[in-house]
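Have a look at the structure below, then the notes.
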Amino acid sequence: MVTLLGFFCILSNVILMLIYDPGLTGLAPSWVYYSYALGIWAYSTMDNIDGKQARRTGTSSPLGELFE
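Mapping of the sequence shown onto UniProt numbering: position 6 corresponds to residue 6, and the numbering continues sequentially without gaps.
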């Protein structure tokens with residue numbers, strides 16, 4: 001579930017990029033790129049935390065393995 005939350009961080013950044021730079025020409029404001037970097041970091045962190053948490057609590061499942 002935490003990985004899914006991280007995925008929404010990436011999805012929101014993609015939407016933000018398409019709003020501010022729909023042609024993907026590299027002309028978006030600099031804060032958009034910083035936001036993108038933060039979203040990638042958040043996704044990576046949440047993905048790692050999710051796997052460890054599921055193994056610790058014994059709640060891992062085949063669907064969790066698919067996301068992992």
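Note that CB positions come from ideal geometry on N, CA and C, so glycine has one too.
DSSP three-state assignment for residue i, whether helix, strand or coil
| i | result |
| --- | --- |
| Pro29 | coil |
| Thr57 | helix |
| Leu18 | helix |
| Leu24 | coil |
Integer-rounded CB distance, given that residue j should sit under 8 Å from residue i
| i | j | result |
| --- | --- | --- |
| Thr16 | Val32 | It should be pointed out that residue 16 corresponds to Leu in this sequence rather than to Thr. At roughly 6 Å, the Cβ-Cβ gap stays under 8 Å, so Leu16 and Val32 are in contact. |
Among the options, nearest to residue i - alpha-carbon criterion
| i | options | result |
| --- | --- | --- |
| residue 82 | Pro62, Trp41, Thr25 and Leu24 | Residue 82 falls outside the range modelled here, since the chain spans only 1 to 68, and no answer is possible. |
Exposure label - residue i; buried when at least 16 CB within 10 Å
| i | result |
| --- | --- |
| Ala37 | exposed |
| residue 112 | The requested residue 112 does not occur in the structure, where the chain is confined to residues 1 to 68. |
Short Cβ contact (8 Å threshold) for residue i with residue j
| i | j | result |
| --- | --- | --- |
| Thr9 | Tyr34 | It should be pointed out that residue 9 corresponds to Cys in this sequence rather than to Thr. Result no, Cβ atoms of Cys9 and Tyr34 do not sit closer than 8 Å. |
| Val14 | Ile49 | no |
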